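First the structure, in the form of structure tokens, and then the observations on it.
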Amino acid sequence: MHRARSATSQPKLGHSLKLLFDAALAARTQAYAPYSRFPVGAALRSREGAVFAGCNVENASYPLVTCAEAGAIAAMVAAGHKRVAEILIIGGAEKIVTPCGACRQRLREFATPEVLVHCMTPRGARTTYSVGALLPAAFGPEHLAQEA
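In numbering that gives the first Met the number 0, the protein residues as written are 0 to 147.
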């Protein structure tokens with residue numbers, strides 16, 4: 000079973016996590032959230048080590064909203080990378096937010112269940128989960144593999 004790696008905390012970030020935090024925080028400032036006024040930024044590291052960021056982009060027709068995680072994944076794929084090694088998401092100012100259900104499934108498409116998902120506030124409070132903890136018993140690409 001996959002569980003949260005740590006309780007909510009504000010430890011000093013290591014260099015690699017600080018890069019993701021800074022990229023997600025910068026992306027969050029670019030969010031287009033005129034309806035909810037709830038900006039979200041995400042930054043991920045591909046298996047190749049490149050960092051890609053995204054922000055939420057709202058639309059008057061709410062179902063057409065693009066989540067920050069989806070934006071970061073799209074940037075990664077557009078650059079030719081296909082696997083997420085780690086992702087960090089920054090949402091509201093006071094409370095830590097986790098990816099919505101659709102983004103959990105999006106992450107599962109490009110990440111193994113063991114990949115870490117760091118959910119943070121702009122002030123640095125953090126809870127870390129694995130993809131498997133956020134989406135247990137997930138349907139993934141391996142379920143569609145052709146049998147030989």
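Even for Gly, the Cβ is constructed at its ideal location relative to N, Cα and C. If you're wondering where the values come from, they're calculated on a predicted model, not measured in any experiment.
Is it buried or exposed, H117, if we count other Cβ atoms within 10 angstroms and call 16 or more buried?
Around the beta carbon of H117, 16 or more other beta carbons sit within 10 angstroms, so the residue counts as buried.
First and last residue of the beta strand (DSSP E) that includes F51?
Here the beta strand (DSSP E) through F51 covers 50 to 54.
Inter-stretch contact (C-beta, 8 Å, three-pair minimum) for the segment 77 to 94 and the segment 33 to 47
yes
Pull up the distance between the alpha-carbon of A52 and that of A144, whole angstroms please.
Between A52 and A144, the C-alpha separation is close to 29 Å.
Let me confirm a value: A92 is counted as buried when at least 16 other C-beta atoms fall within 10 Å, else exposed. Which label applies?
exposed
Can you find the residues in the same chain that come closer than 8 Å, C-beta to C-beta, to S5, ignoring five residues on each side of it along the sequence?
Residue placement at S5 cannot be trusted, given a pLDDT of 48 that sits under 50; what the coordinates show is reported in the next sentence. For S5, the CB contacts under 8 Å within the same chain, skipping 5 residues up- and downstream, are R125, T126, T127 in chain order.
Would V114 pass as a contact of V96 if the rule is Cβ separation under 9 Å?
Contact check for V114 against V96 fails: the beta carbons are separated by 9 Å or more.
Where does H142 fall in DSSP's three states?
helix
Give me the Cα-Cα distance between R36 and A67, rounded to the nearest whole angstrom.
For R36 and A67, the distance between alpha carbons rounds to 14 Å.
If you run the structure through DSSP and keep just helix, strand and coil, what is A115?
According to the sequence as given, residue 115 is Leu; it is not Ala. In this structure, L115 counts as strand in the three-state DSSP scheme.
Is it buried or exposed, N58, if we count other Cβ atoms within 10 angstroms and call 16 or more buried?
Exposed, since its Cβ has fewer than 16 Cβ neighbours within 10 Å.
For A23, count the other beta carbons within 10 Å of its own beta carbon; 16 or more makes it buried, fewer makes it exposed. Which is it?
buried
Would you decide whether L63 is buried or exposed? Buried here means 16 or more other CB atoms lie within 10 Å of its CB.
exposed
Measure the CB-CB distance between A74 and N55 and report whether it falls below 9 Å.
no
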